[in-house]
Structures are given as structure tokens and as C-alpha cells.
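Beneath this line is the structure, given in C-alpha cells, with notes to follow.
Protein chains in written order, with our numbering: chain D, 3 to 232; chain E, 4 to 117.
Below is the structure:
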């Protein structure tokens, strides 16, 4: 049984039997896709399992990768405009060589909308980490800027397309040094709101949750004949 | 020369049987989030030459059954899945990532001789 289980686990794309410490919450997008597939199977509808209708992309494997990066604390006094700095790191090693990446979407959950209804306007900056983080260095050296945008209300989850970055990391794993996320506060001249600002940043730090939704396609399991007609 | 058909009851002829795979029986409930199990079914039964044409058989099975009648050393056609359908599975890998994956050919819908 051990041998046969090992073979089947390889078919599932696993090296060994997973032993999760706790069940992770299933993101709503995966839940919906799963339920739609089950409903189609129950009703006997023919379905193209290599096309994810909800996401509008080809693929038969969806992974929600958890962020393994750390919050960054500077020993120097933080700049007045800087609210939060965090390294984001996603381990892509589970993606097998034969898989083709078709989508990589970064999701940043900035917490419930109510936190910021009367708070300052925020700006989000996301850049690639250029060099490995060394001890004693306050923040990793930022490289190419990927995103710089205001975060208007309402907040909640914001999404960014990282397909090109993920493809690059997947083909050159040594390049995957993570991302540097910085959330800045716009218009900090009014020092009267400073206490409110600190409160906003503290709450943001507590509620921030990052994940990378990666969709890939295994050509061995997705034959050309099952492709959707345009 | 006419080939004698072996006596076979309808119940023992090739057809699909119900088989529910419960992931708890395999210990896989610890990492598979959903489904808890699924009706996979299986194929079992005889494929006698006399019934080969009516048992959803391939032309190849028919020829094999014919050759078996001539030369018993050639094995009989066997009862195999002829139509399969996929399922989706939600599970956690070793890095605690949640994965949704679609797997083809997991459920036996129809059987035949092949």
C-alpha cells in the first residue's frame, strides 16, 4: 500500500503525504469554482476542466500560496509618511517543471473598510527585492517598482497581476527574493491627525494578509482536444 | 464451426458496480478538504463471446473473444471502463497552501469489454 500510495501522491503532484498543522480557510474564489464543478458533474454537464471560467484563464491547478515574509522594522525612526513595510515571500517550489503558469494574482487584504472611513488616504508601493536580505540591514534593497497607487475607499482586498514576475521566479528560483510592500500615508502635514494615523497603521499591520493565487496548466492532463473553441 | 456460448447469468456480466471512496478510510481526510469522498464505481463481470457485441465492446474485444474461442491460451476480453468522468479536489500541500485541482478519469460511468 505504501508504494502504491506514493505513486498516486506523485500523480497528485505531491512528494509525500501532507500533514497540515491546521486547515487553512478556503478562499471564496476556490470554494466557488469547486462548487460549480461539483454542480456541473452532478447534472452531467460536459465541462472543460482545463478552463477556469470564473477567472477567464486556462488551467487545471489552482494554488493559493501563503505569504511567508516578515514585517520590517527599522532601527532608525520611521519616516513620517511610512505606515508599514513588509517583505512578501511566496514559495513556488511546488509548481512542477511541466506546468505552465497562466495566472498569478497577488491579493492584499487591507482589512475591513470601516477601519479607514475617517482615516488618511494611503498609497501602496510594491517593488521586487533586488538583493538577499542581510542581517543588520533595516530593509532589503528594493529593485524594480511594480505598483505605485493610491488606495481609495472602500478597501478590503486589492489584486495585482504578477504573472510575468511569477514566470520569471518559476524559471529562475534564485531570483525569487520576494517583494517589498510599503504603505505610505498621503498628506501627513497635518500633525493633528498623527494619533489617528498611528492607530490606522497599527490596525493595518494587524489585518494585512497577503496571498498569491497561482493558476497553472499541466499539458499532460489537458489535451488540445479539450480546448475551448474561440 | 459454431462456438458454444458458456452459461453466464446476467448478474455476472460486465457492468459497473458502485464503489464509494471515503478519504477517511485512506487517512487522507487529514489533508483533503473536499470532497469527503466520491462515488468512483468499478467494472466487473464476464465478457463471454456470445455477449461481446451487446456489452458495449470494442471491435478489438470482439476479435479477441473470437480468437479466445479458437485458442483458449489467448485471454478473454476483460471488463474495463469505457466512459470516465473527472472530479475536482481541494487539498492542502506540505507548505499549507490550499490547492484546487481537477483530475480527469476519476469516476467510472460506463463499462464494456475490451
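The beta carbon of each residue, even a glycine, is placed where N, CA and C say it ideally should be. Treat the numbers as computed from the prediction; the structure is a model and nothing was measured.
Cβ-based contacts, 9 Å cut-off: residues of the stretch 83 to 99 of chain E near chain D: Within the stretch 83 to 99 of chain E, 88, 89, 90, 91, 92, 93, 94, 95, 96, 97, 98, 99 place their CB atoms closer than 9 Å to a CB of chain D, listed in sequence order.
Please list the segments of the alpha helix (DSSP H) lying wholly inside the stretch 103 to 182 of chain D, counting only runs of 4 or more residues, in order along the chain. Counting only runs of 4 or more, we get 165 to 173.
Taking 8 Å as the threshold (beta carbon to beta carbon), is residue 102 (chain E) in contact with chain D? Yes, its Cβ sits closer than 8 Å to a Cβ of chain D.
Would you kindly check if the distance between the Cβ of residue 110 (chain E) and the Cβ of residue 41 (chain E) is under 8 Å? Contact flag set, yes.
Determine whether the Cβ of residue 33 (chain E) lies closer than 8 Å to any Cβ atom of chain D. It does; some Cβ of chain D falls within 8 Å.
Given this structure, state the Cα-to-Cα distance separating residue 93 (chain D) from residue 14 (chain D), to the nearest angstrom. Taking the straight line joining both Cα atoms gives about 18 Å.
Could you name the residues of chain E that residue 65 (chain D) contacts, counting a contact when the two beta carbons are closer than 9 Å? At a C-beta separation below 9 Å, residue 65 (chain D) has these neighbours in chain E: 96, 100, 101, 102, 103, 104.
Going by Cα to Cα distance, which pick from E:18, E:116, E:103, E:115 is closest to residue 30 (chain D)? Taking residue 30 (chain D) as reference, the option from E:18, E:116, E:103, E:115 with the minimal CA-CA separation is E:103.
For residue 17 (chain D) and residue 73 (chain E), what's the separation of their Cα atoms in angstroms? Taking the straight line joining both Cα atoms gives about 48 Å.
For the stretch 36 to 55 of chain E, which residues have a CB atom closer than 7 Å to at least one CB atom of chain D, in sequence order? Listed by position along the chain: 36, 37.
At the level of alpha carbons, what is the spacing between residue 74 (chain D) and residue 23 (chain E)? One C-alpha to the other measures close to 50 Å.
Beta bridge counterpart(s) of residue 91 (chain D) as assigned by DSSP: In the DSSP assignment, residue 91 (chain D) forms no beta bridge with any residue.
Taking 7 Å as the cut-off, does the CB of residue 170 (chain D) come closer than this to any heavy atom belonging to the ligand ADP? The ligand content of the structure shown is nil, which means the ligand ADP is not present either.
Residue 227 (chain D) (DSSP reduced to helix, strand or coil): Annotation note: pLDDT 49 at residue 227 (chain D) (below 50); position unreliable, coordinate value reported separately. Three-state result, residue 227 (chain D): helix.
Determine whether the beta carbon atoms of residue 107 (chain D) and residue 164 (chain D) lie at a separation below 8 Å. In this structure, residue 107 (chain D) places its C-beta atom within 8 Å of the C-beta atom of residue 164 (chain D).
Would residue 107 (chain E) count as contacting chain D if we go by Cβ distances under 8 Å? Among the CB atoms of chain D, one or more fall inside 8 Å of the CB of residue 107 (chain E).
C-alpha distance - residue 115 (chain E) paired with residue 50 (chain E), whole-angstrom precision: Residue 115 (chain E) and residue 50 (chain E) have their C-alpha atoms roughly 8 Å apart.
Contact set between the stretch 85 to 117 of chain D and chain E, restricted to residues whose Cβ is under 7 Å from the partner: Within the stretch 85 to 117 of chain D, the qualifying residues are 93, 96.
Is the CB-CB distance between residue 97 (chain D) and residue 213 (chain D) below 8 Å? Not closer than 8 Å, so no.
Extent of the continuous alpha helix (DSSP H) run through residue 81 (chain E): Here residue 81 (chain E) belongs to no alpha helix (DSSP H), and DSSP marks it neither H nor E.
Against residue 223 (chain D), what residues of chain E qualify as contacts under a CB-to-CB distance less than 7 Å, listed in chain order? Residues of chain E passing the Cβ test: 107.
Please report the residue range of the beta strand (DSSP E) in which residue 36 (chain D) lies. Counting along the chain, residue 36 (chain D) sits inside no beta strand (DSSP E); it lies in the alpha helix (DSSP H) bounded by residues 30 to 45.
According to DSSP, is residue 50 (chain E) part of a helix, a strand, or is it coil? Here residue 50 (chain E) sits in coil by DSSP.
Identity of the residues DSSP links to residue 1 (chain E) by a beta bridge: Here chain E comprises residues numbered 4 to 117, so residue 1 (chain E) is not present and cannot be evaluated.
Coil, strand or helix - residue 62 (chain E) by DSSP: If DSSP states are grouped into helix, strand and coil, residue 62 (chain E) belongs with the helices.
Which residue from D:71, D:104, D:27 puts its Cα closest to that of residue 141 (chain D)? Looking from the CA of residue 141 (chain D), the closest CA among D:71, D:104, D:27 belongs to D:71.
So for residue 232 (chain D), helix, strand or coil by DSSP? Confidence is the limiting factor: at residue 232 (chain D) the pLDDT is only 45, short of 50, which leaves the residue's position unreliable, though a coordinate-based value still follows. DSSP places residue 232 (chain D) in coil when its eight states are reduced to three.
If the cut is a Cβ gap below 9 Å, which residues of chain E does residue 127 (chain D) touch? Correct list: empty, because the minimum Cβ distance to chain E is about 26 Å.
With 9 Å as the limit, tell me which residues of the stretch 8 to 23 of chain D have their beta carbon closer than that to any beta carbon of chain E; keep them in chain order. From the stretch 8 to 23 of chain D, only 13, 14, 15, 16, 17, 18, 19, 20, 21, 22, 23 have a Cβ closer than 9 Å to chain E.
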